[in-house]
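A short worksheet on the structure shown next.
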Amino acid sequence: MAFSLFSFFSVVVFAITARAQQNNSGLITLGSSISPSTHPNSWFSPSHLFAFGFFPQGKGFAVGIWLVGKPDTIVWSANRDKPPVSSKATLDLTSDRWLLLRTELGDENLTAIGSEPAVSASMLDSGNFVIYGNGSSVIWESFSFPTDTILGGQNLSSGGLLVSSVSIQNHSSGRFVLAMQTDGNLVAYPFSYPRRTEDAYWASNTYQTSALQLALSTEGWLCLQNSTSCMHNLSSSSHVGKHETIVFRATLDSDGIFRLFAHRFTGKSTSNISIEWSMLNNQCEVKGFCGLNGYCSEMGTKTDCYCYPGFHFVDPENKYLGCYKNFSEYSCESRKDSAMLDKDATLEYIRLEDPPYMVLFLGSSEDCQKTCLEDCNCAVATYLNGTCWKYKLPLRFGRKDSNYSSTAFFMTGLARNNAPPTPQNLTIVTKSRKSMILTFALCLGSFSFLCFSIAAISVFKYRAQACRYKRISQNARLNSTEEFNLRAFSYEELERATDGFKEEVGTGSFGTVYKGTLSAGNKIVAVKRLERVVEGEREFQAEMTAIGQTHHKNLVRLLGFCIEGSHKLLVFGVLLLETACCRRSLEVNASAADRILLSDWVYSCFVAGELDKLAEDEDADLMSLERIVKVGLWCIQDDPNLRPPMKNVILMLEGTVNVPVPPSPRQVI
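Throughout the sequence shown, residue numbering follows mature numbering (1 follows the signal peptide of the UniProt record, and there is no 0), covering -20 to -1, 1 to 649 in sequence.
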């Protein structure tokens, strides 16, 4: 019995020892698995400098590589634009599908799959995660697919991109891109399609006949090199560690600035971080840092974003998202007939680096102000040294520059003609005029009392009849039937049309959408039932206003509504995909395999920068097309929480707010 127990414990100790040796070697064998909720949740490099596995992202987890420290530094992420996964997800190393992510929604490959089967994998001390095939050949490595960072010993190849993250906490694709162009020039742009030369805010100016690549050495040298040598040195580190470990990384940060960092490890998981080199020292030089309709201002060492007159922040907690228009536009004739602008709608030292639609040479700032007022397309005009630049909305790339002595005039409205008089224009009321003023005041008071009496009687009569029109009066506060010619449905009518809300076709942020058929004409409709009463009522009014005023051949039309107590519903028409896109959602006889599924083909064209394929023979504005495609991809996300509310859709379509880069939609037919 004692021998049996000894044998058993010997086997257990041997197994634990063997496993520890396997982990220490850094080799990951087939069948190995990690999960956020169990141990292990990551695979470490031999020296524990780097780890590959699950890290917190939003309300779930993402897969990536991080430099171990306090806090950890994410240096690579897989499928960065897909929604976070839950704690129940697992990541397996398999022979045929390599890295396989298993979630409640199904299985997903984290890497492209080659023909050669995987044999093992390893998280290296360089920060490179590699998958080995037969004969220890590397069949995939993370160094070949950088996201926003390159590490010591890693290159950014010709034609490659670094795309910034949204923020330190959110590692999805952000707003800026660093491109290693095929002409040998390293250039930073705001993330947009197509990229325009004039939008660049930094460039290495290293034009070459042969291709260059951006290389970061393990010693901290950052340079542009050809196949044989370094052609242009960007920076070098001053740190030489004899008794310490130094890890270098170059990251395009979420603020759009490319920086070289040195992590000096003096103890276990303890490092000192220093900036060795920075692309720019002035944050406001990054075009688009403050989003649309916002401008950047630097005061001393502090940089902040501000809105132009008449605009408010989309999100005051995230000012970089830009600003939206918070005023009603006057008609073109009203602008032309007025001789005076709102004096508060003027700013000094404003530089707009987006190309204007018109440039004029005028003698004074007043002339510049006047010509913008008389031009219905003009949203703002800037004047400097006899030159007047006129711009349309949205306003991009704005900054306040104390060395740029311009004056900017914003068309936010007209000055009041009944403004209070200034102190120098006040007159003294003499005693001889007091009696006249008293008489006038008594007459005015009597007239006011008479008007009040008439109004009170009218209100009383109205309230006496209000009971008969209770339902209509509830709807009337939206002014929908008059303004948009919408039909007011009863709840019973819509319940019958949807067969008791039986067939669900989708779920939005504030309710569920059901398929229905109106009894008159057997017309198919989509009925959205709001399910959050307090929050939903505000959203209901916003959607009524936004959709009712929107008319477009590719947008579903709002047909009617229902408000009965806590029941709030919207009734939409149905738009077939073949009507909007001139083809079906599923085209079996497509000319190429990647064109069979419409959503997949559109997303592939977007990622590849080939949106002109969607326009075919039509003469389309590619910038507008890109914005529409991105909005459409957000609206067909399989996860309802990712779909934007209608208010945001309208703002994005109008160009008032930036449209973030959408993740790949699931296959929808």
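Even for Gly, the Cβ is constructed at its ideal location relative to N, Cα and C. Note that this is a predicted model, so its numbers are computed, not measured.
Rounded to the nearest angstrom, the gap between the Cα atoms of L332 and Y181 is 13 Å. Rounded to the nearest whole angstrom, the CA to CA distance from F156 to D479 is 49 Å. Its chain contains L47, G49, T53, I226, V227, F228, R229, S251, N252, I253 as the residues whose beta carbon lies nearer than 8 Å to that of H243, once the 5 sequence neighbours on both sides are disregarded; these appear in chain order.
Residue burial annotation: N298 is exposed, with fewer than 16 other C-beta atoms found within 10 angstroms of its C-beta.
CA-to-CA, the gap between A468 and Y494 works out to about 18 Å. Nearest in C-alpha terms to G164, of all of S184, R176, G154, T177, is S184. Shortest Cα-Cα distance from Q134 to any of V55, D61, T91, Q349 involves V55. Shown here, Q263 sits in a helix according to DSSP, grouped into three states. Secondary structure at G6: coil, using DSSP grouped into helix, strand and coil.
Between the C-alpha atoms of C203 and L166 there is a straight-line separation of about 10 Å. Per the coordinates, the alpha-carbon of G132 lies some 7 Å from the alpha-carbon of S106. In the pairwise beta carbon analysis, the stretch 335 to 346 is classified as touching the stretch 361 to 378: at least three pairs are separated by under 8 Å.
For the pair F34 and S22, the CB atoms are nearer than the 8 Å cut-off.
In the DSSP assignment, no residue is bridged to L474. Between I330 and the set K62, P289, L7, S644, the nearest pair of CA atoms involves P289.
Residue range 153 to 160 is occupied by the beta strand (DSSP E) that includes V157. In this structure K282 is exposed. Its beta-carbon is surrounded by fewer than 16 other beta-carbon atoms within 10 angstroms. CA-to-CA, the gap between E224 and H28 works out to about 15 Å.
By the neighbour-count criterion, in which 16 or more other beta carbons inside 10 Å mark a residue as buried, Y187 falls on the exposed side.
Contact annotation: L73 and L81 have beta-carbon atoms that are not nearer than 8 Å.
With contacts defined as CB atoms closer than 8 Å, A92 and I8 fail to qualify as a contacting pair.
Per the coordinates, the alpha-carbon of P625 lies some 28 Å from the alpha-carbon of A69. Distance from L549 to K508 at the Cβ level is roughly 6 Å; contact confirmed, criterion being Cβ atoms closer than 8 Å. Here DSSP, grouped into helix, strand and coil, assigns S344 to coil. The beta-carbon distance between A168 and M259, rounded to whole angstroms, is 7 Å. This is short enough to meet the 8 Å contact definition. Out of D601, G491, K503, the CA that lies nearest to the CA of H547 is found in G491. Annotation: F291 to L342 spans about 28 Å, alpha carbon to alpha carbon. Taking the Cα positions, D381 is about 53 Å away from H19. With a 10 Å radius around the Cβ and a threshold of 16 neighbouring Cβ atoms, T127 comes out buried. By the 16-neighbour rule on beta-carbons within 10 angstroms, T362 is buried. When the alpha-carbon of Y275 is set against those of L373, G378, S215, L10, the nearest one is in G378.
Within the same chain, V110, I111, Y112 come within 8 Å of V118 by CB-CB distance, once the 5 residues on both sides are set aside. Rounded to whole angstroms, the gap between the alpha carbons of F269 and T387 is 22 Å. Assignment of beta-bridge partners to Y371 by DSSP yields V360.
Between V143 and F171, the C-beta spacing is below 8 Å. In the same chain as Q349, and ignoring 5 residues on each side of it, the C-beta atoms closer than 6 Å to its own belong to F389, in chain order.
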